[in-house]
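Novice: Pasting a structure here, questions to come.
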Amino acid sequence: MNRYNFCAEAEDSGRRIDKWLTEQDEIDITRSAAAKLIESEAVKINGFTVNKSRVLCEGDVITVDIPEPIELKVLPQDIPIEVVYEDDDLAVVNKPQGMVVHPAAGNPDGTLVNALLYRFEGRLSGINGVIRPGIVHRIDKNTSGLLVVAKNDFAHLALSELIKRHDFTREYQAVCVGSFKEPSGVINAPIGRDKNDRKRMAVTSLNSKEAITRYELIERLCGHSLMKFNLETGRTHQIRVHCAYMGHPILGDDVYGRPYKGCKGQCLHAKKLGFVHPRTGEYLEFDSELPEYFTQILNSLR
């Protein structure tokens, strides 16, 4: 059981407890999950159980008890994956669009982790636990492209530190709706949870973190643009949120834009990945071809 303690501030006065809980990054839960916790008497205010419509007052002491998550049993699965580089410490894989990176509720198997466990016979770092072995960073289910996998804890810690220091090359290409006002530039806008929908991220000053994306026009298309993006930070859905914020959502993004016929998700590809090898000190850089779904869309817009 994990216990979290909070104290309501003046700005929290008048807020419903169930909605307020969803905005606390420390626990990161949905409104329905908050309601279940309240109903199970796992949430107390000033030592007393409450109902989900209880309104907060300044100075209220909120205690939240969250049970330990039940770990899923993750099994190796013989799922073909493209490995573009491999040594004793790490591997770089090219994830297809539509593949989830690791198991979670609703996606217990068929993930990249299941495939990695089979391909590397379990030789993956254990820092992220049973559910995310080897996973140093992630890309969305409907984003294709390159990501690095750690085979041991030494490599995992070193690669994580590179990402934390922003010493990691991550270049994406995407098809965006419309055209940016300037052919190149920097989007510097903080990202946090959408206050109205915990499953979405948004540009916001509330409970947010710095997010910086560099962009460059590659080609103008019919009503669209082929763009290059470089990440200086790595926030959840960063490119997708920043593009929507600029008024040019990524084509096919059904969360921050709208679906597109013939595209199963956002037309976004993690094309280039570069980093210093944690053991040899050598700089490695990998570049992947645009996948078929992406080139088909480009051809249809040219």
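Numbering (numbering that gives the first Met the number 0), first residue to last: 0 to 301. We put the beta carbon where it would ideally sit given N, CA and C, even for glycine. If you're wondering where the values come from, they're calculated on a predicted model, not measured in any experiment.
1. Between L302 and S287, how many whole angstroms is the CB-CB distance? I'm expecting something under 8 Å.
2. For a minimum of 3 consecutive residues, which ranges assigned as the beta strand (DSSP E) are wholly contained in the segment 52 to 76?
3. Would you check if the segment 128 to 145 and the segment 91 to 105 touch, i.e. whether three or more CB-CB distances between them fall below 8 Å?
4. Which partner residues does V82 have in the DSSP bridge list?
5. Whose C-alpha, out of V129, I211, L89, is nearest the C-alpha of F153?
6. Measure how close the beta-carbons of T62 and R197 come, nearest whole angstrom, since I'm counting them as under 8 Å.
7. Could you pull out every unbroken alpha helix (DSSP H) segment of at least 4 residues lying fully inside the segment 218 to 280, listed in chain order?
8. Are there 16 or more other CB atoms within 10 angstroms of the CB of S124, so buried, or fewer, so exposed?
9. Helix, strand or coil: which one does DSSP assign to N106?
10. Since I believe E209 is in contact with H165 (beta carbons under 8 Å), could you give me their beta-carbon distance rounded to a whole number of angstroms?
11. Start and end of the beta strand (DSSP E) containing S183?
12. Among C266, Y255, K194, which one has its Cα closest to the Cα of H223?
13. Over the uninterrupted beta strand (DSSP E) stretch that includes R197, give me the two end residues.
14. Taking just the CA atoms, how far does G177 sit from P248?
15. For I126, name the three-state secondary structure that DSSP assigns.
Specialist: Taking the definition as stated:
1. The structure shown has nothing for residue 302, since the chain only spans 0 to 301.
2. If only complete runs of 3 or more residues are kept, the segment 52 to 76 shows the beta strand (DSSP E) at 60 to 65, in order along the chain.
3. Yes, they touch.
4. Paired residue(s): V92.
5. Of the listed residues, the one whose Cα sits closest to F153 is L89.
6. Not a contact, Cβ separation roughly 21 Å.
7. The alpha helix (DSSP H) runs lying completely inside the segment 218 to 280 and spanning 4 residues or more are 237 to 244, given in chain order.
8. By the beta-carbon neighbour count (other beta carbons within 10 angstroms, threshold 16), S124 is buried.
9. The three-state secondary structure of N106, taken from DSSP, is strand.
10. Incorrect: roughly 11 Å between the Cβ atoms, too far for contact.
11. From DSSP, the beta strand (DSSP E) with S183 extends over 183 to 187.
12. For the residues C266, Y255, K194, the minimum Cα distance to H223 belongs to C266.
13. Counting along the chain, the beta strand (DSSP E) containing R197 begins and ends at 196 to 202.
14. C-alpha separation (whole angstroms): 8 Å.
15. In the structure shown, I126 adopts coil according to DSSP, grouped into three states.
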